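Numbering (my numbering), first residue to last: 2 to 374.
Read through the structure below, which is laid out as structure tokens, and then see the notes.
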């Protein structure tokens with residue numbers, strides 16, 4: 002009988018902890034693990050050999066890969082990153098230079114990177130670098146988003162999933178003989194918003210308009226703590242813009258992101274600033290932004306360097322900084338091949354109470370048995 006009473010008390014305490022975490026903790030008061038270039042399928046064998054010969058440093062930087070998006074989410078990742086290329090007419094990136102270069106070098110041909118012809122269809126494409134590093138676990142943006150939404154529907158009580166979008170439009174140096182990238186305009190961004198809406202109904206997305214509410218600007222709202230609670234955010238996704246320079250284009254005709262879907266990576270002090278990146282920021286600088294109310298993303302490692310040497314200094318600073326989104330190439334479910342390097346939260350949970358700004362009512366125990374993992 003005593004064991005039953007103890008068990009009931011334990012379950013009641015856990016439920017109370019979950020209720021507190023859902024009801025009083027806000028979206029910006031937790032910390033989660035994310036993956037960098039989450040779609041990255043890695044280099045194929047022939048292209049890896051060729052790049053190793055021509056540019057060993059670049060090869061080392063690209064020598065990582067991730068599992069499918071839904072597997073990452075099921076293992077506890079709550080932020081993913083998708084690099085997107087505009088391809089309005091379709092087919093712009095359908096014939097990369099990689100296979101021809103492998104053949105010219107006399108290396109064994111790699112499997113077809115696009116056997117279904119998906120890259121010939123119009124729409125945003127997901128890859129890292131055109132003609133060089135273009136193999137993805139999902140090649141079309143709408144396909145990647147559908148994977149996430151299907152997972153979300155299967156786990157309706159999950160903590161919010163943050164989807165970082167990096168718009169790729171830079172052209173490579175002439176020696177790479179690479180396809181020029183289509184540039185992003187205000188119209189391109191209109192099409193991007195529409196592609197997102199075609200997959201995710203607005204009721205499943207936390208938007209800038211929702212966060213702004215009745216405040217004059219988005220920044221004013223977040224500085225006054227107007228992020229939604231976890232109770233309101235569960236089962237939803239949040240779209241974030243990676244690159245700061247494209248923010249003004251995305252804002253055209255949409256002051257303070259009115260009517261837009263994606264939160265810009267904005268400079269603190271700007272009307273649209275709710276989210277900002279500090280990938281190389283100091284622990285003190287990041288913590289100061291978090292305390293003010295901003296959502297911050299930082300990286301725990303880059304270019305496989307920390308993983309090869311098992312250097313945890315950058316990771317440990319990121320964890321202590323309070324940055325809500327910690328982006329890595331090596332979540333606990335995908336540790337480094339050269340060392341024991343990986344990134345996880347101390348509790349091993351999907352999220353933890355933010356070490357900088359979480360309220361006293363927050364309990365890490367509420368996230369250990371995350372419903373929807």
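For every residue, glycine included, the Cβ atom is placed at its ideal position computed from N, Cα and C.
Model, not experiment: these values are computed from the prediction.
- Item | C-alpha gap between residue 203 and residue 192, whole angstroms | 16 Å
- Message: Pairs of beta-carbons, one from the region 71-91 and one from the region 315-335, closer than 8 Å: are there three or more?
- Response: yes
- Simplified DSSP state of residue 266, which is helix, strand or coil: strand
- Close Cβ partners of residue 347 (< 6 Å) along its chain, the five nearest in sequence each way excluded: none
- Rounded to a whole number of angstroms, what is the C-alpha to C-alpha distance between residue 331 and residue 343? 5 Å
- Item | Heavy atom of the ligand ZN within 8 Å of residue 101 beta-carbon | Judged by which ligands are present, the structure shown has none, so any question about the ligand ZN falls away.
- Task: Report, in whole angstroms, the separation of the C-beta atoms of residue 142 and residue 85, which I expect to be a contact under 8 Å.
- Result: 5 Å
- Message: On the DSSP letters alone, give me the boundaries of the beta strand (DSSP E) that residue 35 sits inside.
- Response: Residues 31-36.
- Message: Is there a Cβ of chain B sitting closer than 9 Å to that of residue 148, yes or no?
- Response: The structure shown has no chain B; it contains just one protein chain.
- Between residue 238 and residue 137, which are expected to be in contact by the criterion C-beta below 8 Å, what is the C-beta distance as a whole number of angstroms? Not really, about 19 Å apart at Cβ, beyond 8 Å.
- Query: Taking the alpha-carbon positions, what's the residue 139 to residue 50 distance?
  - Reply: 24 Å
- Entirely enclosed alpha helix (DSSP H) segments - the region 254-308, minimum 4 residues: 284-293
- Message: Am I right that residue 95 and residue 115 are in contact with their C-beta atoms under 8 Å? What's the rounded C-beta distance?
- Response: 7 Å
- Item | Spatial neighbours of residue 180 in its chain, beta-carbon cut-off 7 Å, leaving aside the 5 residues before and after | 93, 94, 131, 132
- Look at the alpha carbon of residue 129 and the alpha carbon of residue 359, and state the distance between them as a whole number of angstroms. Per the coordinates, the alpha-carbon of residue 129 lies some 35 Å from the alpha-carbon of residue 359.
- Task: Please report the residue range of the beta strand (DSSP E) in which residue 39 lies.
- Result: Taken as a continuous stretch (DSSP letters only), residue 39 belongs to no beta strand (DSSP E), as it is neither H nor E.
- From 206, 69, 151, 282, pick the residue whose C-alpha is nearest to that of residue 41; which is it? The candidate whose alpha carbon is nearest that of residue 41 is 69.
- residue 31: which of 144, 297, 303 sits nearest, CA to CA? 297
- Which residues does DSSP pair with residue 240 in a beta bridge? In DSSP, residue 240 forms a bridge with 164.
- Query: Taking the continuous alpha helix (DSSP H) assigned at residue 61, which residues delimit it?
  - Reply: 57-63
- Query: So what does DSSP say about residue 220, is it helix, strand or coil?
  - Reply: Here DSSP, grouped into helix, strand and coil, assigns residue 220 to helix.
- Message: With distance defined between alpha-carbon atoms, name the residue in 231, 155, 288, 104 nearest to residue 320.
- Response: 288
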